[in-house]
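Count the sequence shown with this note's numbering and you get residues 8 to 311, in order.
Don't be surprised by glycine CBs; every beta carbon is placed ideally from N, CA and C.
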Amino acid sequence: MDAARPSLAPRVDDDGPPRDLALTFAGGGNRSFFQLGVMRRWSERVMPRVVAAAGVSAGACMLTVMVSGRESIAEVFFRARRAGVSRNIDWTALLRREPLAPHGSVYRDTVLFTYADGGFERIKQCPFPIYVLAAEIPPPLVPTLGAAVGFAAYQLEKRLKPGLVHPSYGRRIGYRPFIFDARDCTDPEDLADLILASSSTPPFTPIGRFRGKALVDGGVIDNVPAFVAEQVPAVRRNLVVMTRPYPAERLGRHGQRLYLAPSDHPPAGCWDYRRGADIFGNLALGERDADAHEDALESFLADS
8 MDAARPSLAP
18 RVDDDGPPRD
28 LALTFAGGGN
38 RSFFQLGVMR
48 RWSERVMPRV
58 VAAAGVSAGA
68 CMLTVMVSGR
78 ESIAEVFFRA
88 RRAGVSRNID
98 WTALLRREPL
108 APHGSVYRDT
118 VLFTYADGGF
128 ERIKQCPFPI
138 YVLAAEIPPP
148 LVPTLGAAVG
158 FAAYQLEKRL
168 KPGLVHPSYG
178 RRIGYRPFIF
188 DARDCTDPED
198 LADLILASSS
208 TPPFTPIGRF
218 RGKALVDGGV
228 IDNVPAFVAE
238 QVPAVRRNLV
248 VMTRPYPAER
258 LGRHGQRLYL
268 APSDHPPAGC
278 WDYRRGADIF
288 GNLALGERDA
298 DAHEDALESF
308 LADS
């Protein structure tokens with residue numbers, strides 16, 4: 008743990024303010040490092056209020072990284088693990104019968120490293136649920152075709168409805184939400200399977216397999232899954248942290264939700280795992296944007 012930064016992990020006591028806040032992390036691959044940057048500024052005020060958290064894909068991963076208490080060392084490992092990656096897609100891998108992309112193995116190695124040395128145990132002991140969203144493939148589609156159809160529907164809806172925050176096409180064509188509390192995983196491998204299933208985006212990451220069930224990226228259901236944590240009755244407000252810019256009218260306070268999105272495109276793209284990708288630029292953007300929205304957070308938390 009970097010001694011210069013406060014831990015992002017939640018407190019295990021309840022001596023602070025009432026827990027009535029949901030925390031929602033959108034998906035976004037590398038862009039989700041923006042969320043860690045935001046929480047480096049806001050964690051001491053936000054985490055003692057959280058009664059439920061929910062995330063999808065890399066956003067779900069970032070929630071577990073935060074709660075593990077190993078975020079700083081995990082960042083160092085992730086950078087080192089990518090040191091040999093020069094291409095995001097290697098077509099010659101087909102000749103060797105290997106995966107086209109390095110992302111799946113890098114991702115799994117990184118989360119398993121994060122969950123080692125007490126990280127998994129801290130997640131198990133978290134005082135609030137950490138819901139992870141994945142998508143169940145509708146029958147009779149086989150997993151590979153199911154992934155392709157689901158992502159095509161998601162991309163089509165984004166193109167037809169620019170600025171849309173909560174997509175619906177996936178559910179309308181039969182995909183169903185699969186929601187699981189990370190604390191209920193039995194061991195680090197089980198949790199890694201869950202996170203990789205929530206992040207399943209072929210060809211970058213393989214079809215998800217969690218306890219015998221084939222799953223794909225939960226963004227097919229909703230890449231900003233604010234609805235998940237709001238199923239907890241104690242939730243009175245929901246801090247929703249997204250990972251790409253949205254129109255101004257979609258941001259800020261909307262009912263019981265406060266939406267925050269990057270003010271600019273994060274420098275490291277969603278699936279850019281090359282060694283030169285500016286992951287730390289994404290973190291710095293989150294820190295700057297958190298500072299710029301201090302008043303909005305204070306007002307949101309103070310509202311009775």
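Do residue i and residue j have their C-beta atoms within less than 8 Å of each other?
i, j, result
"residue 178", "residue 228", "yes"
"residue 250", "residue 274", "no"
"residue 239", "residue 58", "yes"
"residue 136", "residue 188", "yes"
"residue 233", "residue 31", "yes"
"residue 92", "residue 282", "yes"
"residue 33", "residue 248", "yes"
"residue 236", "residue 27", "no"
"residue 170", "residue 254", "yes"
"residue 317", "residue 309", "This structure cannot speak to residue 317, because the chain is shown only from 8 to 311."
"residue 150", "residue 214", "yes"
"residue 60", "residue 138", "yes"
Applying the criterion that 16 or more other CB atoms from any shown protein chain within 10 Å of the CB defines a buried residue, is residue i buried or exposed?
i, result
"residue 62", "buried"
"residue 124", "exposed"
"residue 75", "buried"
"residue 96", "exposed"
"residue 278", "buried"
"residue 258", "buried"
"residue 82", "buried"
"residue 98", "exposed"
"residue 24", "exposed"
"residue 326", "No statement about residue 326 is possible, as the shown extent of the chain runs from 8 to 311 and does not include it."
"residue 300", "buried"
"residue 296", "buried"
"residue 290", "buried"
"residue 256", "exposed"
"residue 224", "buried"
"residue 174", "buried"
"residue 193", "exposed"
"residue 262", "exposed"
"residue 132", "exposed"
"residue 90", "exposed"
"residue 146", "exposed"
If you run the structure through DSSP and keep just helix, strand and coil, what is residue i?
i, result
"residue 220", "strand"
"residue 161", "helix"
"residue 266", "strand"
"residue 144", "coil"
"residue 245", "strand"
"residue 100", "helix"
"residue 117", "helix"
"residue 30", "strand"
"residue 239", "coil"
"residue 276", "coil"
"residue 110", "helix"
"residue 295", "helix"
"residue 231", "coil"
"residue 260", "strand"
"residue 92", "coil"
"residue 253", "coil"
"residue 156", "helix"
"residue 310", "coil"
Sorted by chain position, which residues of the same chain lie with C-beta nearer than 7 Å to residue i's C-beta, five sequence neighbours on each side aside?
i, result
"residue 156", "148"
"residue 119", "195 and 199"
"residue 216", "200 and 204"
"residue 65", "34, 35, 36, 39 and 206"
"residue 226", "34, 63, 64 and 161"
"residue 100", "106 and 107"
"residue 285", "274 and 275"
Kindly list the residues whose CB is nearer than 8 Å to the CB of residue i, restricted to its own chain and excluding five residues on each side of it in sequence; keep chain order.
i, result
"residue 110", "95, 211, 212, 278 and 280"
"residue 298", "48"
"residue 117", "81, 84, 85 and 88"
Ordered along the chain, which non-local residues of its own chain (more than five positions away) have a Cβ less than 6 Å from that of residue i?
i, result
"residue 121", "72, 75, 77 and 81"
"residue 317", "As shown, the chain starts at 8 and ends at 311. That puts residue 317 outside it, with no answer to give."
"residue 45", "248, 293 and 297"
Between residue i and chain D, is any beta-carbon pair separated by less than 8 Å?
i, result
"residue 126", "Chain labels in this structure do not include chain D; a single protein chain is all it has."
Practice prompt. Please go through the stretch 171 to 222 and give each complete alpha helix (DSSP H) segment of 4 or more residues, from N-terminal end onward.
Written response: 176 to 179 and 195 to 205
Item to complete: Within the stretch 26 to 90, note down every full alpha helix (DSSP H) run reaching 4 residues or more, in order along the chain.
Response: 40 to 53, 65 to 75 and 78 to 88
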